[in-house]
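One structure is given below, encoded as structure tokens.
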Amino acid sequence: MAARRRGRSGNEADARRSGSRGSPRAARVRMTGKERRQQLLDIARALFAEKGFDGASIEEIAHRADVSKPVVYEHFGGKEGIYAVVVDREMQNLLDSIISALSAGHPRELLEQAACALLDYIDNSTDGFRILVRDSPVASTSGTFSSLLNDIASQVEHIFALQFSAKGYDPKLAPLYSQALVGMVALTGQWWLEVNKPKKEAVAAHLVNLAWNGLSHLEHKPGMRTRR
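So in my numbering the end of the sequence shown lands on 303, straight run, no missing numbers.
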């Protein structure tokens, strides 16, 4: 009887050990350091877009990645670190898209391409855009979304400078108009993301219509009519 009890106990222990080896955590696929880092970034990106910086946590990032919290700390140092990397990547992706769109073409075509590039980013990288436009106490190494818009505006300045010179306007005003244009497109993009209509191409066409036709009818010396 004792032998049978020992046998059953041994079999039960073997079964428990076997079950442990077959658990999802034990069967976890081993990743390289680079693969693990990318996995953590992808998970964090989705969480920050969904919950914001304050709502996301290292615990949840680690849980979704099926790793311990020290693994996340090892790669990024903490929540601020992984958030900064996510934001920096999104800012660079958007800026690269805008710069590429402004590489060549007629000024009106450049405006169309820039507007479409921003709307394409919003459409294809919705999580990334939501992260960029959220307010956060963490400053990334590239700055804030406002600084990104400044970078984009600086890329658009030459369009206004060329048009102003050709039409006899003061080219020194190009930075002001480029800031106004980029701000208009960015805010419209946020609105379009929420309402999801009209179609992307129609939104871009109306933005360019306002910007281009407004540019075509600028006053040389605009003044206020309500304040003298």
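Beta carbons: idealized from backbone N, C-alpha and C, even for Gly.
Counted as a single uninterrupted DSSP element, the alpha helix (DSSP H) harbouring ASN225 occupies residues 220-242. Between MET259 and LEU282, the CB-CB gap stays under 8 Å. Residue nearest to LEU251 within the set SER229, ILE197, ASN271 and GLY264 is SER229 (criterion: CA-CA distance). Counting C-beta pairs closer than 8 Å gives fewer than three between the region 170-187 and the region 141-160, which falls short of the contact rule. In chain order, TYR244 place their CB closer than 7 Å to the CB of LEU293, counting only its own chain and leaving out the 5 sequence neighbours on each side.
In this structure the region 155-172 does not lie against the region 259-269, because fewer than three pairs of beta carbons, one per stretch, are closer than 8 Å. In its chain, beyond the 5 residues on either side, ARG209 have a beta carbon closer than 6 Å to the beta carbon of GLY127. Burial is judged here by how many other beta carbons sit within 10 angstroms of a residue's own beta carbon; VAL270 has fewer than 16 and is exposed. The C-beta of ARG302 has fewer than 16 other C-beta atoms within 10 Å across all chains shown, which makes the residue exposed.
DSSP, reduced to helix, strand and coil, places THR301 outside both helices and strands of the structure shown, so it counts as coil. DSSP places GLY153 outside both helix and strand once states are collapsed to three, so it counts as coil.
Rounded to whole angstroms, HIS295 and GLY180 show a C-alpha spacing of 26 Å.
Along the region 104-180, the alpha helix (DSSP H) occurs as fully enclosed runs of 4 or more residues at 108-130, 133-140, 144-151 and 154-176, listed in sequence order. Less than 8 Å divides the Cβ of LYS275 from the Cβ of ASP198. Distance between LEU285 and GLN254, taken at the CA atoms: about 15 Å. Of the other Cβ atoms in all chains shown, 16 or more fall within 10 Å of the Cβ of ARG120; this residue is therefore buried. In the structure shown, LEU293 adopts coil according to DSSP, grouped into three states. Rounded to whole angstroms, the separation of the alpha carbons of ASP163 and ALA137 is 21 Å.
The alpha-carbon separation between HIS150 and ILE227 amounts to approximately 31 Å.
Rounded to the nearest whole angstrom, the C-alpha separation of LEU207 and THR219 is 8 Å. For ARG205, the enclosing alpha helix (DSSP H) stretches over residues 201-208. Judged by DSSP secondary structure, LEU268 falls within the alpha helix (DSSP H) whose first and last residues are 249-270. Relative to LEU122, the option among SER175, ARG105, LEU193 and ARG205 whose CA is nearest is ARG205. Judged by beta-carbon spacing, ALA192 lies within the 8 Å limit of ALA176, meaning their Cβ atoms are closer than that value.
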